[in-house]
Amino acid sequence: MSKQPCTYILASGRLGTIYIGVTSDLLARLHQHRSGELPGFTLRYGVRRLVRYEMFDDMVSAIEREKQLKRWHRDWKINLIESSNPHWDDLAVGLGFDPIPPRYPRPKG
451 MSKQPCTYIL ASGRLGTIYI GVTSDLLARL HQHRSGELPG FTLRYGVRRL VRYEMFDDMV
511 SAIEREKQLK RWHRDWKINL IESSNPHWDD LAVGLGFDPI PPRYPRPKG
């Protein structure tokens, strides 16, 4: 996959925390999110699974779509994800990334 403007949605898991972003290089950005190189929201909330992405011919269109999606209600975002990815599979695996191991609850104490 060569560099191409893209809007993407990451999730912490099925029906979990959602993050919407835009990039010109999806593979590089996914590597940053999955390796913990990007401090902030996605690192703090464990949002690393790629559940949807849309490619565009130009960055202006990708940014407009990102803005549109960020204005949507959560239910609309969930419906969009499930329209093409009903089980919230990690689409990054199909792009050559290793699967993310399942998360286990932290022991209390």
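Using our numbering, the letters of the sequence shown correspond one by one to residues 451 to 559. Note that CB positions come from ideal geometry on N, CA and C, so glycine has one too. None of these values were measured; they are calculated from a predicted model.
Residue pairing by DSSP places LEU460 opposite TYR469, LEU500 in a beta bridge. By the Cβ test, the region 508-526 is not in contact with the region 478-495, since fewer than three Cβ pairs between them sit closer than 8 Å. At least 8 Å separates the beta-carbon of ARG502 from that of ILE528.
Classified as buried, GLU516 has 16 or more neighbouring CB atoms from the shown chains inside 10 Å of its CB. LEU480 is positioned such that its CB atom lies closer than 8 Å to that of LEU500. As the crow flies, the alpha-carbon of LEU465 is around 18 Å from that of ARG521. Counting along the chain, the unbroken alpha helix (DSSP H) around ILE531 starts and ends at 524-534.
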